[in-house]
Amino acid sequence: MPDVNLTIGGRSFAVACPDGEEESLKAAAEILGADAKALVAQSSKLSESQMLLISGLMTADRAISLQEKINTVEAEISQLKLTLENASGKVVDKTTIKNELVTQLTKLSVQAETLADNLEAK
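For the sequence shown, the working numbering begins at 19 and goes up steadily by one.
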């Protein structure tokens, strides 16, 4: 496991991580570091543990908000899929309608001719 050196809130940390996860860890540290930097700017009297705790809570709060948005969007997508499935069952092909009309008109034409023939025979 490689060690990755991270700077969060102006403080350096050496963190071990699984191979291939270094970039993800650095990206996460950048997010946490941005929150820590804002906290340090507001109050330089925070201890390291307080800074990390509050930064972590701020990051977790954003993660919760994003998850709620994801859940809302997923619910909307599910509803739209259901609406689409229901609507697609109601869609009729124009060719099918045309063929049905031709069939019905042909039947009516035959009936009209039969009626005309019957009238002429009387």
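Yeah, the Cβ is synthetic: ideal placement off N, Cα and C, and Gly gets one too.
Asked, Found
"Hey, L57 and M69 are a contact pair by Cβ (cut 8 Å); roughly how many whole angstroms apart?", "6 Å"
"Do G74 and G51 have their C-beta atoms closer together than 8 Å?", "no"
"Helix, strand or coil for D79, going by three-state DSSP, please let me know.", "helix"
"Start and end of the alpha helix (DSSP H) containing S119?", "First, the residue type needs correcting, since residue 119 is Leu and not Ser in the sequence shown. Unbroken alpha helix (DSSP H) run through L119: K112 to A139."
"If you drop the 5 nearest sequence neighbours on each side, which residues of the same chain put their C-beta closer than 7 Å to that of N23?", "S30 and A32"
"Are T90 and I49 closer than 8 Å when you measure CB to CB?", "no"
"With a 10 Å radius around its C-beta and 16 neighbouring C-beta atoms as the bar for buried, classify A54 as buried or exposed.", "buried"
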